[in-house]
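**Student:** Residue numbers (UniProt numbering): 1 to 340.
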């Protein structure tokens, strides 16, 4: 097999336009579409084109900035040398097929001058799940930042219209925010946000179905450090309406459990409406168990308000990742790229 080069593509996408993000579902997910767009520009590449998402999002969740690792055979050249033209070509294809659904923001090479070319699916999985401050904190520092948008109705008449005769603001926001009734208490919401900051056992906020438990050799680590969690004023996506207020809840951490952010948001919103006792979050953190969430009849926030805002990592980890990992893609390459 000819040599290959690997690239990091930065993309944004509208989660409401796709049935899923990952491959292997309906065949119409974000990754499926992204792969077909690339194959259209790399004629004859077929299955030699490899793609892997750095951070998978749930169905209906949006991304302002997510990363995809792409492996391209060397016969297609160093594609970053024609970046501007290729970005234009790829985004034109997207706009013709499915306007406003996906955008390729940028890409750059992440291939190494090494006999063993590393696959960054494992590299990202390592960084997302592991932090080792004992070795070198600055080398491992990385985080993901999420934003959750909520749209709060001022009075009961406007809330009633949302359920009976939606207005333009409802049409504009229904796929991009959680539309809520009157009674939202900003002070209680901010107190709830503060309760999450710090290092906790987040098992009560983990989606952990029985079918997954049966295949696990050991229970996944649920210790997470929430670097930031806060509520701030937000903005409408389309136009201002005096009957609604908008807020953004920001959550920053090096890593998250499955559905953790949406479960956190659900409890924060419940606290803001006085649906749960003031010590509910404290109790969930002190009694870590995935069964607690539904046993307590807690509500998970719907996916449409959630946006993956950014992935941040140390660029030095591309040239000297700690530890090194290899992957099945490497076994397929007989002569990996030796050029910088």
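We put the beta carbon where it would ideally sit given N, CA and C, even for glycine.
1. Does the separation of the CB atoms of residue 222 and residue 192 fall below 8 Å?
2. Take residue 208 as the anchor and find which of 18, 160 and 291 has the nearest alpha-carbon.
3. I need the DSSP call for residue 148, collapsed to helix, strand or coil.
4. With distances taken from CA atoms, which of 104, 166 and 306 is nearest residue 8?
5. For the beta strand (DSSP E) that contains residue 293, what are its first and last residues?
6. Measure the Cβ-Cβ separation of residue 15 and residue 61 and say whether it is below 8 Å.
7. Check residue 14 in the structure and name its three-state DSSP category.
8. Which one or two residues does DSSP pair with residue 70 in a beta bridge?
9. Specify the secondary structure class of residue 278 as computed by DSSP and reduced to three states.
10. Could you check how far apart the C-beta atoms of residue 35 and residue 51 are, in whole angstroms? I think they sit under 8 Å.
11. Quick test of your reading: residue 262 and residue 301, contact by CB under 8 Å. State the CB separation rounded to the nearest angstrom.
12. For residue 34, which three-state DSSP category applies?
13. Extract the residue ranges of the alpha helix (DSSP H) inside the stretch 159-235, only unbroken runs of 4 or more that lie entirely within it.
14. Under a three-way DSSP split, which group does residue 257 fall into?
15. For residue 144, I'd like the list of residues in its chain whose CB is within less than 6 Å of its CB, leaving aside the five on either flank, ordered along the chain.
16. Which of the three DSSP states, helix, strand or coil, is assigned to residue 102?
17. What did DSSP end up calling residue 299 once you bin it into helix, strand or coil?
18. Let me know if residue 240 comes out buried or exposed under the rule of 16 or more other beta-carbons within 10 Å of its beta-carbon.
19. Pick from 160, 100 and 4: whose alpha carbon is nearest that of residue 64?
20. Can you tell me which of the three DSSP states residue 109 falls into?
21. Where does the unbroken alpha helix (DSSP H) through residue 89 begin, and where does it stop?
22. Exposed or buried, which one is residue 283 when buried takes at least 16 other CB atoms within 10 Å?
23. Considering only the alpha carbon of each residue, which of 76, 37 and 110 lies closest to residue 97?
24. Compare the C-alpha of residue 236 against each of 169, 277 and 286 and name the closest.
25. Mind reading off the beta-carbon distance from residue 55 to residue 257? Whole number of angstroms is fine, and I expect it under 8 Å.
26. Below 7 Å CB to CB, which residues in the same chain sit around residue 31 once its five sequence neighbours on both sides are set aside?
27. Can you give the Cα-Cα distance for residue 275 and residue 229, rounded to whole angstroms?
28. Work out the CA separation of residue 81 and residue 342 for me, nearest whole Å.
29. Suppose you measure from the CA of residue 87 to the CA of residue 17; what does that come to, to the nearest Å?
30. Name the DSSP bridge partner or partners of residue 63?
31. Mind checking residue 200: buried by the 16 CB within 10 Å criterion, or exposed?
32. To which residues does DSSP link residue 245 through a beta bridge?
**Tutor:** So, from the data block:
1. For the purposes of this step, residue 222 is taken as the residue at position 222 of the chain shown. For the purposes of this step, residue 192 is taken as the residue at position 192 of the chain shown. No, the pair does not count as a contact, with Cβ atoms beyond the cut-off.
2. Within the chain shown, numbered from 1, the residue matching residue 208 stands at position 208. That would be 291, whose Cα lies nearest to the Cα of residue 208.
3. To locate residue 148, count along the chain shown from 1; it is residue 148. The answer is strand: DSSP assigns residue 148 an E or B state.
4. In the chain shown, counting from the first residue as 1, residue 8 sits at position 8. For the residues 104, 166 and 306, the minimum Cα distance to residue 8 belongs to 104.
5. For this step, residue 293 is matched to residue 293 along the chain shown. It is not in any beta strand (DSSP E) - residue 293 instead sits in the alpha helix (DSSP H) that spans 292-295.
6. Locating residue 15 in the chain shown gives position 15, counting from the first residue. Locating residue 61 in the chain shown gives position 61, counting from the first residue. Yes. Within cutoff.
7. On the chain shown, position 14 is the one that residue 14 refers to. Correct three-state label for residue 14: coil.
8. Position 70 of the chain shown holds residue 70. Residue 70 is bridged to 7 and 51.
9. On the chain shown, residue 278 is found 278 positions in, with the first residue counted as 1. Correct three-state label for residue 278: coil.
10. Residue mapping note: residue 35 aligns to position 35 of the chain shown, counting from 1. Residue mapping note: residue 51 aligns to position 51 of the chain shown, counting from 1. So it is a contact: roughly 5 Å between Cβ atoms.
11. If you number the chain shown from 1, residue 262 lands on position 262. If you number the chain shown from 1, residue 301 lands on position 301. Rounded, the Cβ-Cβ distance is 4 Å, consistent with contact.
12. Taking the chain shown and counting its residues from 1, one reaches residue 34 at position 34. Three-state result, residue 34: helix.
13. 168-173, 186-196 and 210-215
14. For this step, residue 257 is matched to residue 257 along the chain shown. Note: residue 257 maps to coil in three-state DSSP.
15. Taking the chain shown and counting its residues from 1, one reaches residue 144 at position 144. Same-chain partners within the cutoff: 311.
16. Working through the chain shown from its first residue, we reach residue 102 at position 102. If DSSP states are grouped into helix, strand and coil, residue 102 belongs with the strands.
17. Within the chain shown, numbered from 1, the residue matching residue 299 stands at position 299. Of the three classes helix, strand and coil, the one that applies to residue 299 here is coil, per DSSP.
18. Numbered from 1 along the chain shown, position 240 holds the residue referred to as residue 240. The residue is exposed, with fewer than 16 neighbouring Cβ atoms inside 10 Å.
19. For the purposes of this step, residue 64 is taken as residue 64 along the chain shown, with counting starting at 1. Considering only alpha carbons, the answer is 100.
20. As a position in the chain shown, residue 109 is number 109, starting the count at 1. In the structure shown, residue 109 sits in a strand (DSSP, three-state: E or B).
21. As a first step, residue 89 must be located in the chain shown, where it is residue number 89. Segment 83-97, the alpha helix (DSSP H) holding residue 89.
22. Within the chain shown, the letter at position 283 stands for residue 283. Exposed: under 16 other Cβ atoms inside 10 Å.
23. In the chain shown, the residue the question calls residue 97 occupies position 97. If we check each option's Cα against that of residue 97, 37 comes out closest.
24. As a working mapping, residue 236 is identified with position 236 in the chain shown. Checked all of 169, 277 and 286; the closest Cα to residue 236 is 169.
25. Here the question's residue 55 lines up with position 55 in the chain shown. Here the question's residue 257 lines up with position 257 in the chain shown. Actually they are not in contact, since the Cβ atoms of residue 55 and residue 257 sit about 13 Å apart, beyond 8 Å.
26. Taking the chain shown and counting its residues from 1, the one referred to as residue 31 is at position 31. Around residue 31: 21, 22, 23, 51 and 53.
27. The residue labelled residue 275 in the question sits at position 275 within the chain shown. The residue labelled residue 229 in the question sits at position 229 within the chain shown. Each residue's alpha carbon lies about 20 Å from the other.
28. For the chain, the structure presents residues 1 to 340; residue 342 sits outside this window and is missing.
29. Translated into positions along the chain shown, residue 87 becomes position 87. Translated into positions along the chain shown, residue 17 becomes position 17. Those two C-alpha atoms are separated by around 21 Å.
30. One-based indexing of the chain shown puts residue 63 at position 63. According to DSSP, which records beta bridges pairwise, residue 63 is partnered with 13 and 308.
31. As a first step, residue 200 is located in the chain shown; it is residue number 200 there, counting from the start. Buried: at least 16 other Cβ atoms inside 10 Å.
32. Position 245 of the chain shown holds residue 245. BP columns for residue 245 point to 152.
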